[in-house]
Amino acid sequence: MKKLLAFLLASMMVLGCVSFAGAETEFDPELVKAAQEEGTLVVYASCEDDYMRAACDKFTQLFGIKVEAQRLSTSQVPTKIEEENGNPSADVWFGGTNNPYDTMAAKGFLDNSYVPANASHLLSDLYKDPNGYWYGIYTGILGFLVNKDELARLNLEAPKTWDDLLKPEYKGLIWFSNYNTAGTPMVAANLMLQKLGHDEGIKYLVELDKNVQIYTKSGSGPSKNVGTGECVIGIGFLHDGITQIVDNGYENVGLIVPADGTACEIGPVAVFKGAKHPNAAHLFMEFALSPECVELADDNGSYQFLVIDNAEQPKAAAEFGLDLSAVWDGYDFAKARAESDQNRIDIIQALGDAADDRFKTE
2 MKKLLAFLLA SMMVLGCVSF AGAETEFDPE LVKAAQEEGT LVVYASCEDD
52 YMRAACDKFT QLFGIKVEAQ RLSTSQVPTK IEEENGNPSA DVWFGGTNNP
102 YDTMAAKGFL DNSYVPANAS HLLSDLYKDP NGYWYGIYTG ILGFLVNKDE
152 LARLNLEAPK TWDDLLKPEY KGLIWFSNYN TAGTPMVAAN LMLQKLGHDE
202 GIKYLVELDK NVQIYTKSGS GPSKNVGTGE CVIGIGFLHD GITQIVDNGY
252 ENVGLIVPAD GTACEIGPVA VFKGAKHPNA AHLFMEFALS PECVELADDN
302 GSYQFLVIDN AEQPKAAAEF GLDLSAVWDG YDFAKARAES DQNRIDIIQA
352 LGDAADDRFK TE
């Protein structure tokens, strides 16, 4: 069988890139052969678990390469990789939000030696790191998720703007995610610091903290508790709310795009510097930037906007009225990239003693 596979690959190489069984996208047969010789790929994924498993299973189906995958938040991955200090236990990082990727690139833990051919399908240079350390696969809009039944029971209107979240009637009703364990809250934080200025933005987040009941470990945590009514108002990415409505049947969940502007995440894929299976990692990066991978999201509870031009967008995003034009046109991704780490430190310090108990990493 191995001899037959080698013969077929060698025969196809004369044609350049070729398609593999079940794939419309063409992949470089030399890269595929080198990846298959390595035989294994280790993936850390910060997207949702179902999407992670579907993507990794599809990769194995297409190329016959064993994938070992683990779902970790975008704060857990840097902790593990930094502890391993140049000897990473994983080859690839898949999904999540881009801010922690920027931090890891700046610290020298990501590799930019390979430029994926499929990156030519990105809709904009906005969706890739300017130095090639990561490439975007999706983007999602930040907003509010509300339990309509609970708001009606409490005789409260849903918040329409970021300022509305500070209203005293929302005290103890808001769920957010932990600045130390998730990338989502830093997207919101960077937005507020850019819109209001650094000091006023910090003051806003300190005031918001007074209304927050729980900070969840993952960015999708609030969305998972809105439908049940445990969380009345959640701050998070609206595609996670679509998952609760479409997949879990919580029709009482309302999705709100802030009227005063919002921000978006970019979900990337990247290769760790020192990866033990570099060819398999490069092939996975090509795969992650192909319709074969990103279109799996729609079937596995992930309804982000896709950022490659040859993929079909999830219908649910349009059906729920989510539109990337809602993103504040003043949001500066480069500024967020440069300042995110210091902003996190400043926020935690400003929150003072409350941060000791509410922002633990364990």
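In the working numbering, the protein residues as written are 2 to 363.
Glycine is no exception: its CB is placed at the ideal position from the N, C-alpha and C atoms.
The structure displayed is predicted, hence computed values, not measured ones.
Item, Value
"List the endpoints of the continuous alpha helix (DSSP H) containing P79.", "77-85"
"Which value, in whole angstroms, describes the spacing of the CA atoms of T185 and F28?", "33 Å"
"Are at least three pairs of beta-carbons, each pair with one atom in the stretch 99-116 and one in the stretch 235-247, less than 8 Å apart?", "no"
"Can you say whether I346 is buried or exposed, counting buried as having 16 or more other CB atoms within 10 angstroms of its CB?", "exposed"
"Could you tell me the alpha carbon to alpha carbon distance between A189 and E31, rounded to whole angstroms?", "43 Å"
"Taking only three categories from DSSP, how would you classify I66?", "coil"
"Would you identify the three-state DSSP class for N179, choosing helix, strand or coil?", "coil"
"So what does DSSP say about Q314, is it helix, strand or coil?", "coil"
"Are the CB atoms of V254 and L124 within a distance shorter than 7 Å?", "no"
"Under a three-way DSSP split, which group does F60 fall into?", "helix"
"So what does DSSP say about T229, is it helix, strand or coil?", "coil"
"Per DSSP, what are the beta-bridge partners of Q71 in this structure?", "Y45"
"My guess is that F334 and L127 are in contact by the Cβ rule of under 8 Å, so how many angstroms apart are they, rounded?", "7 Å"
"Just to confirm before moving on: does the CB-CB distance between A298 and Y52 stay below 7 Å?", "yes"
"Which residues bound the alpha helix (DSSP H) around T104?", "99-107"
"Output needed for M105: all residues of its chain with C-beta closer than 6 Å, excluding positions within five of it in sequence on either side, in chain order.", "P79, L111"
"Going by DSSP in three states, Q305 sits in which element: helix, strand or coil?", "coil"
"Below 8 Å on the Cβ atoms is my contact criterion, and I expect E25 with P292 to pass it. Report the Cβ-Cβ distance as a whole number of Å.", "7 Å"
"Just the C-alpha distance for L42 and T244, rounded to the nearest angstrom, thanks.", "29 Å"
"Between the alpha carbons of N212 and A120, how many angstroms are there, rounded?", "42 Å"
"Does the stretch 46-65 touch the stretch 275-289, meaning 3 or more C-beta pairs lie closer than 8 Å?", "yes"
"Helix, strand or coil: how does DSSP classify A11 here?", "For A11, the predicted model reports a pLDDT of 38, less than 50, meaning its position is unreliable; a value from the coordinates is still stated below. It is helical."
"Please work out which residues of its chain come closer than 7 Å, Cβ to Cβ, to N311, disregarding the five sequence neighbours upstream and downstream, and give them in chain order.", "H122, P292"
"If you measure between the beta carbons of V270 and I138, is that distance less than 7 Å?", "yes"
"Which whole-angstrom value describes the C-beta separation of N156 and K218, a residue pair presumed to lie in contact below a C-beta threshold of 8 Å?", "So it is not a contact: roughly 32 Å between Cβ atoms."
"First and last residue of the alpha helix (DSSP H) that includes N344?", "334-352"
"Please name the residue in D92, E38, L256, G302 whose C-alpha comes closest to that of T162.", "L256"
"Could you compute how far the alpha carbon of T75 sits from the alpha carbon of A153?", "35 Å"
"Touch check for the stretch 326-333 and the stretch 262-269: three-plus C-beta pairs under 8 Å?", "yes"
"On the DSSP bridge list, what partners appear for C265?", "I142"
"For G242, which residues from the same chain have a beta carbon less than 6 Å from its beta carbon, with the 5 sequence-adjacent residues on both sides left out?", "L146, S224, V254, L256"
"Just to confirm before moving on: does the CB-CB distance between V247 and A317 stay below 7 Å?", "yes"
"State the Cα-Cα distance for the pair F288 and L197, rounded to the nearest angstrom.", "40 Å"
"Could you check the C-alpha separation between W135 and E340 for me, to the nearest Å?", "18 Å"
"What residue range does the beta strand (DSSP E) around T217 cover?", "213-217"
"With 16 as the cutoff for other CB atoms within 10 Å, does D92 come out buried or exposed?", "buried"
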